[in-house]
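Read top to bottom, the protein sequences are chains A and B.
If you want the working numbering, it's the position in the first sequence, counting the first as 1, plus 4.
If you want the working numbering, it's the position in the second sequence, counting the first as 1, plus 21.
One structure is given here, and the rest of the page talks about it.
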Amino acid sequence: MLFFNFSLQLFAVPEGKSGPQVIEMLTKRAIALGAVLSGSFIVDCETYSSTASLGAPRSVHLLHNSETPASVFALLEAASGNKTVALVADNLFDLLMLKLSNFYTAKKQTKIESRGPRFEAGDFLVKLGSVTMGPAFKGILVEVEYQACSLPAACWDLIREFMQGFLGGCVPSTPPPYIQVCSFFLLPSRFGDMLGTIDGINQYLEQFNAFRKTTGIR
Amino acid sequence: MANQNPFSAIELFTSALRSNIIPNQEYLLQGSVIDSSAEVLHNRLRGLCDAAETGPETFHDHEMCFSLKASNPGGTPQQQQPFLLRVRRALDHPEYPWQLRYLGQPELGDKNQPTVLRSCIDIACTPNVVEFLSELGCRIEFEYVLKGYLFRKGRMKVTMSKIFRMGQAKSPDSLESVTGSYLVELSLLAPSGQDAVADEIKVFAEQLRPLVHLEKIDYRRLQQPFT
Chain A
5 MLFFNFSLQL
15 FAVPEGKSGP
25 QVIEMLTKRA
35 IALGAVLSGS
45 FIVDCETYSS
55 TASLGAPRSV
65 HLLHNSETPA
75 SVFALLEAAS
85 GNKTVALVAD
95 NLFDLLMLKL
105 SNFYTAKKQT
115 KIESRGPRFE
125 AGDFLVKLGS
135 VTMGPAFKGI
145 LVEVEYQACS
155 LPAACWDLIR
165 EFMQGFLGGC
175 VPSTPPPYIQ
185 VCSFFLLPSR
195 FGDMLGTIDG
205 INQYLEQFNA
215 FRKTTGIR
Chain B
22 MANQNPFSAI
32 ELFTSALRSN
42 IIPNQEYLLQ
52 GSVIDSSAEV
62 LHNRLRGLCD
72 AAETGPETFH
82 DHEMCFSLKA
92 SNPGGTPQQQ
102 QPFLLRVRRA
112 LDHPEYPWQL
122 RYLGQPELGD
132 KNQPTVLRSC
142 IDIACTPNVV
152 EFLSELGCRI
162 EFEYVLKGYL
172 FRKGRMKVTM
182 SKIFRMGQAK
192 SPDSLESVTG
202 SYLVELSLLA
212 PSGQDAVADE
222 IKVFAEQLRP
232 LVHLEKIDYR
242 RLQQPFT
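Pasting the structure below:
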């Protein structure tokens with residue numbers, strides 16, 4: 005599964021509209037573009053923090069994606085603060101995290117997820133996610149993936165045009181930062197597809213962290 | 022292809038835990054056989070185990086043991102206890118995923134319990150697991166190389182392996198064997214509560230006598246200084 009051509013876009017909820025209303029509106033627009041509903045999806049994230057006894061504080065973000073149901077993504081923010089180590093593991097990693105509870109504990113009330121319908125439109129995959137933290141609705145994240153090409157720089161314009169087609173003006177015309185740095189991912193590597201998947205997960209984590217810092221709806 | 026209605030990973034995990042289908046208990050017997058007798062045991066195992074005609078799988082693994090413990094003395098007693106994690110990689114198959122393993126305290130039980138029982142979590146992962154554990158706060162305690170054979174008999178696993186010291190050069194040529202014998206382990210991984218399998222293991226171990234005596238090894242007794 006390659007996620008190289010993956011873009012995660014925040015869709016600002018218009019005033020006076022509820023989350024389900026926005027999802028319904030975007031669903032209609034996506035269907036008008038020829039997208040076909042194909043199930044639903046969920047990406048979730050739980051954050052564990054180190055206890056004081058370990059010294060310098062560290063956090064482990066544990067993410068799951070229904071697109072890769074047998075994997076757990078553990079993103080560790082190092083004590084130095086300027087490094088993140090991204091481990092991809094079998095789903096029994098969840099069980100190990102429970103065993104580590106003497107050293108790493110889940111932060112209360114910070115479990116966050118994006119879930120909603122999933123569409124296919126030719127080579128595009130579209131996911132309309134309602135983001136909730138605990139019981140609270142936080143906003144809408146739209147994921148678009150172009151599956152036919154693995155050169156992000158070569159097809160950003162295509163993704164942008166497709167996204168603007170149903171999201172409108174909120175899509176920036178300049179590529180997101182990850183596309184500019186992704187030449188790293190294009191190096192021949194045995195773990196290339198792992199890095200690709202991690203790249204998508206990183207974008208979710210960035211957005212989730214921004215949601216956590218915001219009170220109310222973004 | 023996504024499910025029509027995907028459950029969240031946590032829901033699936035909780036339900037797997039509740040219905041007790043996660044194989045996280047290891048039933049274990051251990052023993053050793055001197056190098057000069059290894060071939061006899063090898064032939065016996067080959068005859069008794071599955072896939073007798075193709076022979077056993079071979080393995081050549083590097084194992085590192087990491088510990089996580091409180092860095093300041095203020096922690097709870099549980100935090101003062103080191104938490105051990107093992108990382109294994111196949112030296113002969115660098116393309117294989119690396120393995121992260123948690124092993125709980127071995128329970129010996131009374132003399133009616135046929136095998137050692139310990140909780141065990143095996144997790145395949147990406148090769149950056151060593152960097153991940155270091156940043157998590159773990160310290161490497163020891164490492165070694167294991168080379169040997171893996172036999173299967175139904176759900177049971179029998180390994181016969183030699184342990185080598187990790188040379189300073191960390192190259193395969195600098196391997197120095199620790200003892201003049203093979204470590205023999207008979208194990209089975211099952212969800213908790215399936216104690217009947219322990220008897221199955223015991224019966225199989227009896228069939229290997231007198232070539233090798235597989236027993237419940239009490240590590241605490243081994244760790245006591247000789248008097």
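Virtual Cβ for every residue (Gly too), placed ideally from N, Cα, C.
It should be emphasised that the depicted structure is a prediction, and the values quoted were computed from it without experimental measurement.
If contacts are defined as beta-carbon pairs under 8 Å, then residue i and residue j qualify, I think. What distance do you get, rounded to the angstrom?
| i | j | result |
| --- | --- | --- |
| Thr114 (chain A) | Thr51 (chain A) | 5 Å |
| Phe10 (chain A) | Gln207 (chain A) | 7 Å |
| Phe107 (chain A) | Leu89 (chain B) | 6 Å |
| Val17 (chain A) | Ile163 (chain A) | Incorrect: roughly 22 Å between the Cβ atoms, too far for contact. |
| Gly126 (chain A) | Glu147 (chain A) | Not confirmed; about 16 Å, so no contact. |
| Leu157 (chain B) | Leu80 (chain A) | 6 Å |
| Leu62 (chain B) | Lys174 (chain B) | Not a contact, Cβ separation roughly 14 Å. |
| Gly169 (chain B) | Lys183 (chain B) | 6 Å |
| Leu96 (chain A) | Ile31 (chain B) | Not confirmed; about 14 Å, so no contact. |
| Ala39 (chain A) | Val130 (chain A) | 6 Å |
| Phe215 (chain A) | Met137 (chain A) | 7 Å |
| Cys86 (chain B) | Glu164 (chain B) | 7 Å |
| Leu207 (chain B) | Leu50 (chain B) | 5 Å |
| Ala73 (chain B) | Tyr203 (chain B) | Ala73 (chain B) to Tyr203 (chain B), Cβ: 20 Å. No contact. |
| Phe141 (chain A) | Gly43 (chain A) | Between Gly43 (chain A) and Phe141 (chain A) the Cβ distance is about 22 Å, and since that is not below 8 Å, they are no contact. |
| Leu91 (chain A) | Cys159 (chain B) | Actually they are not in contact, since the Cβ atoms of Leu91 (chain A) and Cys159 (chain B) sit about 13 Å apart, beyond 8 Å. |
| Leu138 (chain B) | Tyr48 (chain B) | 6 Å |
Kindly indicate the opening and closing residues of the alpha helix (DSSP H) around residue i.
| i | result |
| --- | --- |
| Gln220 (chain B) | Strictly speaking, residue 220 (chain B) in this sequence is Asp, with Gln absent from that position. First-last of the alpha helix (DSSP H) with Asp220 (chain B): 217–228. |
| Glu124 (chain A) | No alpha helix (DSSP H) contains Glu124 (chain A), which is instead part of the beta strand (DSSP E) from 116–125. |
| Lys32 (chain A) | 23–36 |
| Ala37 (chain B) | 30–39 |
| Gln101 (chain B) | 98–101 |
Judging by CA-CA distance, which residue of the options is the nearest neighbour of residue i?
| i | options | result |
| --- | --- | --- |
| Asn45 (chain B) | B:Ser140, B:Gly68, B:Val108, B:Arg39 | B:Ser140 |
| Leu232 (chain B) | B:Arg186, B:Phe80, B:Ile55, B:Ala91 | B:Ile55 |
| Ala91 (chain B) | B:Leu105, B:Glu84, B:Phe80, B:Thr79 | B:Leu105 |
| Pro135 (chain B) | B:Pro118, B:Ser202, B:Ala73, B:Glu221 | B:Glu221 |
| Leu154 (chain B) | B:Gln120, B:Phe185, B:Leu171 | B:Gln120 |
| Ile42 (chain B) | B:Pro212, B:Gly188, B:Glu197, B:Asp82 | B:Pro212 |
| Gly76 (chain B) | B:Leu66, B:Glu236, B:Asp216, B:His234 | B:Leu66 |
| Glu29 (chain B) | A:Pro176, A:Ala74, A:Ala83, A:Ile27 | Reading off the sequence shown, one finds Ser at residue 29 (chain B), where the question assumed Glu. It is A:Ala74. |
| Ser53 (chain B) | B:Thr200, B:Tyr240, B:Glu227 | B:Thr200 |
| Glu78 (chain B) | B:Gln102, B:Asp113, B:Gln215, B:Ala37 | B:Asp113 |
| Val89 (chain A) | A:Lys21, A:Ser63, A:Glu71, A:Lys111 | A:Ser63 |
Under three-state DSSP, which class holds residue i?
| i | result |
| --- | --- |
| Asn69 (chain A) | strand |
| Gly173 (chain A) | helix |
| Gly130 (chain B) | coil |
| Thr248 (chain B) | Since pLDDT at Thr248 (chain B) reaches only 47, below the 50 mark, its modelled position is unreliable, and no value is offered. |
| Glu116 (chain B) | coil |
| Ala110 (chain A) | strand |
| Gly68 (chain B) | helix |
| Asp239 (chain B) | coil |
| Gln207 (chain A) | helix |
| Met22 (chain B) | Interpretation of Met22 (chain B) is limited by its pLDDT of 44, a score under 50 that renders its predicted location unreliable; no figure is taken from the coordinates. |
| Cys86 (chain B) | strand |
| Thr201 (chain A) | helix |
| Arg216 (chain A) | helix |
| Ile42 (chain B) | coil |
| Glu60 (chain B) | helix |
| Ala158 (chain A) | helix |
| Ser237 (chain A) | No information on residue 237 (chain A) is available, as it lies outside the stretch 5 to 222 that chain A covers here. |
| Ala140 (chain A) | strand |
| Ser213 (chain B) | coil |
| Ile221 (chain A) | coil |
| Ser57 (chain A) | helix |
Strictly by DSSP, which residues pair up with residue i?
| i | result |
| --- | --- |
| Arg164 (chain A) | The partner list for Arg164 (chain A) (beta bridge, DSSP) is empty, contrary to what the question assumes. |
| Leu104 (chain A) | In the DSSP output, where bridge partners are listed per residue, Leu104 (chain A) has none listed. |
| Cys146 (chain B) | A:Ala93, B:Trp119 |
| His81 (chain B) | B:Lys168 |
| Ile55 (chain B) | B:Ser202 |
| Asp48 (chain A) | A:His68, A:Glu117 |
| Glu149 (chain A) | A:Phe10, A:Leu129 |
| Phe49 (chain B) | Going by the sequence as given, residue 49 (chain B) is Leu instead of Phe. Partner(s): B:Val137, B:Ser208. |
| Arg255 (chain B) | Given a span of 22 to 248 for chain B in the structure shown, any question on residue 255 (chain B) remains unanswerable. |
| Arg173 (chain B) | B:Lys178 |
| Glu81 (chain A) | A:Ser63, A:Thr88 |
| Val233 (chain B) | Paired residue(s): none; Val233 (chain B) is not in a bridge. |
Span of the beta strand (DSSP E) holding residue i?
| i | result |
| --- | --- |
| Phe153 (chain B) | That residue, Phe153 (chain B), is in no beta strand (DSSP E); its alpha helix (DSSP H) goes 150–157. |
| Lys183 (chain B) | 177–186 |
Let me check you understand the geometry: is the CB of residue i closer than 8 Å to at least one non-hydrogen atom of the ligand ZN?
| i | result |
| --- | --- |
| Pro212 (chain B) | With respect to the ligand ZN, the structure offers nothing, as it holds no ligand at all. |
#### Entry: Selection of the stretch 42–76 of chain A by Cβ proximity to chain C, strictly under 8 Å
Absent here is chain C; the protein component of the structure consists of chains A and B.
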